[in-house]
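Numbering (our numbering), first residue to last: 903 to 1939.
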């Protein structure tokens, strides 16, 4: 195999074929060897000069594919490094290669894969040559073959590829300037493309050729001018092609969809175009209706029948029809508002499609109903709107019915039906949630249009559940999800009537229904609905008490998921209606009553569920109207927990480090700590009363746990940390850190934090963090330090150095080994640096003056690829640059770091792994060039001359760049750093140029083309010249 790598000898095509064959049919060893040899061959710059022999002499498709890959890669990266003669030779060679393959329609279709690759190679050449050095490229393709010539089919495929490359994928491989120029060139050549497509569509009888013409036209229509698009001859032909041959009809429908989506001209010309498209659509729609099954009378049922009884091709056809109807109605609904038959029939067909159980088709329908509902709701009163509302009244009622019967599952529902069984859902379906939000909004729009109809449909469907005529888990669920989805869409009175009726009927159904699964479904639906109607519950506190009592009853149900959903519903009610729970009526409040009976409320729940319930309690505590009431309510909720916590604290004090080995006691303590963390998360500043009594105990536990870890590691090694008792110790430390972080984040009692919390945070938490081995450190310590900085602000400025001394080097030692591990430490470190930047900048920048490693740490963020770390780190650096430019340290900092930051950011931007950081890179570079522009150009290091020289030196190692291209880029940066959009676009163009060999020549060609345009349009700009007309290589070949 190695012989093909000897470029000093003539290439043996037969041996090359054998190597390629080994890649697909050899032994594993042969495959690996062949792959290595071919990779080496491809990487050799001289491989390009051997592809012609492979393509002309080899009959092995694999070999020819490989040769085309080598050729295409050379064109992409090194095209402009070739001489003009070589470029012309390659261009002619590829054209001739394609022509030789197009000997007959049959051969074209048999060799479709190889021809597509050849076409892509020619498109790659055109991307570099057209329109400047090959201005007639499109015209050459469009005019070089007649409908009877086999070449015409490949020309159509080639045009389609050109359109896709320029309009869909161009931005990834072409600069914005070149993409715009190619679009301008295409605009001038659209008539040639349309003439070719019209000629084929009108005259051709071959179905494959018709499909090719329609597919090509479909690509270009969105970019064509109305004068070109609205061709009566082609529209009449397309209208007849939408039915009949299944190989053509779907393509014709898609093409007509694009035409219906296109805009029209203004004035009388536009009116004529509208009349033409209306006539075309009516004719096409009439053909479509005639082609539907006749087994049913209504259009809705006939549409469903075609889908259900038809083949896979018929199903795809229905999907294409769906897009056509939506495109036409969105653009021309007002033009047919008085054509009752067409208007209603089109919408009836869409209703039929909405009844088809196909996910994407249904989503497309709902999106249209969303648009129609929104449009009708927000459109000003007019005769057209009134007419539409009148004509579509029955259709919209049918849509409401479909939406209610098929409502998607909301996020709150965790009891799901799978294969006829009820199960607890553990992972949410993101796609289902998106669908629910879309359907919810749509039903809200349609409810506003006719509230009475929505209520009647829901009431009727609820009646069918109660009398069991249509009872099923699915029917009950979707109805209740729909009821919950329209909260706030009805007037208060209508909402009150609907809510009371639905809840009353559900509770009646719950009592009468046997079977734990049935009761679980109803319980789930009750809880979802009550969580969606806070307005009604806020106005009816008695009903709120009843509902809460029912939720507590559901907390005792043991069916999987019911308790979890009851707890979640209680949290939701507490969060939404906290003020009502704490409203005093008759000497007491609902919250106070709940707190007094807290033990009985939560006694049937798991520890995790109890902890979540305490989160709900926290919302009630925070909402109490007075400080004494908040303090009293907090104490009542936590009375049992505090007593148990005090008892276990005494046990721990007596046992010392031995306590850590008691798994039962540690698990119990862990539960209490999690209770405190959940309450602290929701009750706000009032948690200070609890912290006054437990702060020292918490620090005592933390100190005990740290000492136990240190002792265990010294005696048994690091592996001991993974023992069960040590795992519990780590969990407990994390919860203690979480309690402090949540309390500090929400607190306003700054004096208490500064005197009672901060000293021990340094002496216990941060000291432990600094001294512990990496495996024993907790990222929560960094989060706590960040919370202290954000809450105390400048009050903590004097401790800035101490915080960094304790945390920075200790964290770097953990994360410096690579760029991926320990993401929580990385993100928390950058958040801490960001907090110090924001709140204690003067102290922070003074510290960095003597600790350059901190600045280096911020710059290290540029090299991260995972988005959470990258975004947090770059935001920190961006904030630092904002602050430092206003400080007295600006000149010193930028002199030391500007050049390094600039190059690091540019290098990162060139790596696709850093693509998500591009907006940050742009913003940082703008700031750097802004600072450089403030100083004289001769200023050492940061002046324009110094920056240009530094970038020239550092970017010169990139082989695709030249000195002049770097110089042009630098000039662009200084000229556009104040214009966000312009700078972003120019920098993106530069990154594309970095990947393309000879991009500088392309820019020069572009400038030359612009100069020629001026010469052609401005009299006297240049002397008159006469040039020979360019030859059509396709025709001559």
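Glycine is no exception: its CB is placed at the ideal position from the N, C-alpha and C atoms.
These numbers were taken from a predicted model, which means no experiment stands behind them.
Opposing strand residues paired with residue i [DSSP bridges]
i: residue 1895; result: According to DSSP, which records beta bridges pairwise, residue 1895 is partnered with nothing at all.
i: residue 1318; result: 1325
i: residue 1487; result: 1490
Below-7 angstroms beta-carbon distance, residue i vs any chain D residue
i: residue 1755; result: Absent from the structure: chain D. Only one protein chain is present.
Nearest residue (CA-CA) to residue i, options the options
i: residue 1375; options: 1629, 1408, 1348; result: 1408
i: residue 1527; options: 1486, 1556, 1537; result: 1486
i: residue 1193; options: 1182, 1219, 1214; result: 1219
i: residue 1769; options: 1812, 1725, 1759, 1035; result: 1725
i: residue 1342; options: 1313, 1105, 1318; result: 1313
i: residue 1649; options: 1591, 1612, 1666; result: 1591
i: residue 1303; options: 1363, 1720, 1272; result: 1363
i: residue 1285; options: 1240, 945, 1472, 1319; result: 1240
i: residue 1146; options: 1189, 1181, 1111, 1426; result: 1189
i: residue 1524; options: 1661, 1478, 1295, 928; result: 1478
i: residue 1652; options: 1344, 1683, 1690, 1684; result: 1690
i: residue 1450; options: 1007, 1861, 1482, 1010; result: 1482
i: residue 1413; options: 1452, 1729, 1444; result: 1452
i: residue 1754; options: 1772, 1710, 1766, 1774; result: 1710
i: residue 1748; options: 1790, 1772, 1773; result: 1790
i: residue 992; options: 1446, 1004, 957; result: 957
Exposure of residue i, with buried meaning 16 or more beta-carbon neighbours within 10 Å
i: residue 1751; result: exposed
i: residue 1581; result: buried
i: residue 1275; result: buried
i: residue 916; result: exposed
i: residue 1311; result: buried
i: residue 974; result: buried
i: residue 1734; result: buried
i: residue 1259; result: exposed
i: residue 1328; result: exposed
i: residue 1090; result: exposed
i: residue 1133; result: buried
i: residue 1899; result: Because residue 1899 carries a pLDDT of 41, less than 50, the predicted location of this residue cannot be relied on, and the following value inherits that uncertainty. So residue 1899 counts as buried.
i: residue 1681; result: buried
i: residue 1819; result: buried
i: residue 989; result: buried
i: residue 1904; result: Confidence in residue 1904 is poor, its pLDDT being 45 and thus under 50, which makes the residue's placement unreliable; the coordinate value appears in the next sentence. Under this definition residue 1904 is a buried residue.
i: residue 1759; result: buried
i: residue 1662; result: buried
i: residue 1675; result: exposed
i: residue 940; result: buried
Distance cut-off 6 angstroms: residue i Cβ against heavy atoms of the ligand MG
i: residue 945; result: Only the bare structure without any ligand can be found here, which leaves the ligand MG out of the picture.
Whether or not the stretch 1306-1319 and the stretch 1378-1392 are in contact is what I'm after, with contact meaning three or more pairs of Cβ atoms, one per stretch, closer than 8 angstroms; do they touch?
yes
Flag this pair as touching only if the stretch 1737-1757 and the stretch 1779-1788 have three or more C-beta atom pairs under 8 angstroms; answer yes or no.
Yes, since at least three Cβ pairs between the stretch 1737-1757 and the stretch 1779-1788 fall closer than 8 angstroms, the two stretches touch.
At 3 residues or longer, what runs of the beta strand (DSSP E) sit wholly inside the stretch 1544-1622?
none
Are the stretch 1842-1862 and the stretch 1792-1805 touching, with three or more C-beta to C-beta distances below 8 angstroms?
yes
Are at least three pairs of beta-carbons, each pair with one atom in the stretch 1219-1229 and one in the stretch 1156-1164, less than 8 angstroms apart?
Touching, yes.
Decide yes or no for the touch test of the stretch 1625-1643 against the stretch 1700-1707: beta carbon pairs closer than 8 angstroms, at least 3 of them.
no
Completely contained alpha helix (DSSP H) runs for the stretch 1345-1369, where each covers 4 or more residues:
1353-1368
Touching or not, the stretch 1244-1251 and the stretch 1196-1210, by the rule of three or more beta carbon pairs under 8 angstroms?
Contact between the stretch 1244-1251 and the stretch 1196-1210 is present, because at least three Cβ pairs lie under 8 angstroms.
Counting only runs that start and end within the stretch 1621-1670, where is the alpha helix (DSSP H) found for 4 or more residues in a row?
1626-1648
Contact between the stretch 1351-1360 and the stretch 1390-1408 is defined here as three or more beta-carbon pairs at a separation below 8 angstroms; is this criterion met?
Output reads yes: the stretch 1390-1408 touches the stretch 1351-1360.
Is the stretch 1504-1517 in contact with the stretch 1548-1559, if contact means three or more CB pairs nearer than 8 angstroms?
no
Considering only residues of the stretch 1742-1823, which uninterrupted alpha helix (DSSP H) runs meet the minimum length of 4 residues and lie entirely inside it, listed in chain order?
1743-1752, 1754-1762, 1769-1786, 1792-1811
Does the stretch 1463-1470 touch the stretch 1486-1497, meaning 3 or more C-beta pairs lie closer than 8 angstroms?
no
Across the stretch 1006-1022 and the stretch 977-993, are there enough close Cβ pairs to call them in contact, namely three or more that are closer than 8 angstroms?
no
Along the chain, which unbroken stretches of the alpha helix (DSSP H) at least 4 residues long are found entirely within the stretch 1418-1448?
1418-1434, 1436-1441
Say whether the stretch 1619-1632 touches the stretch 1658-1673, bearing in mind that this needs 3 or more beta-carbon pairs closer than 8 angstroms, one atom from each stretch.
Two segments are said to touch when three or more pairs of C-beta atoms, one from each, lie closer than 8 angstroms; by this definition the stretch 1619-1632 does not touch the stretch 1658-1673.
List in chain order: all unbroken alpha helix (DSSP H) runs of 4+ residues lying wholly within the stretch 1674-1723.
List check, alpha helix (DSSP H) in window: 1681-1694, 1702-1717.
Write down every uninterrupted run of the alpha helix (DSSP H) in the stretch 1127-1202 whose length is 4 residues or greater and which is fully enclosed by it, in chain order.
1128-1131, 1134-1143, 1148-1163, 1169-1193
Minimum length 4: unbroken alpha helix (DSSP H) runs contained in the stretch 1815-1871:
1820-1836, 1846-1857
Can you list, in chain order, the stretches of the alpha helix (DSSP H) that have 4 or more residues and sit fully within the stretch 1233-1304?
1242-1256, 1261-1280, 1285-1293
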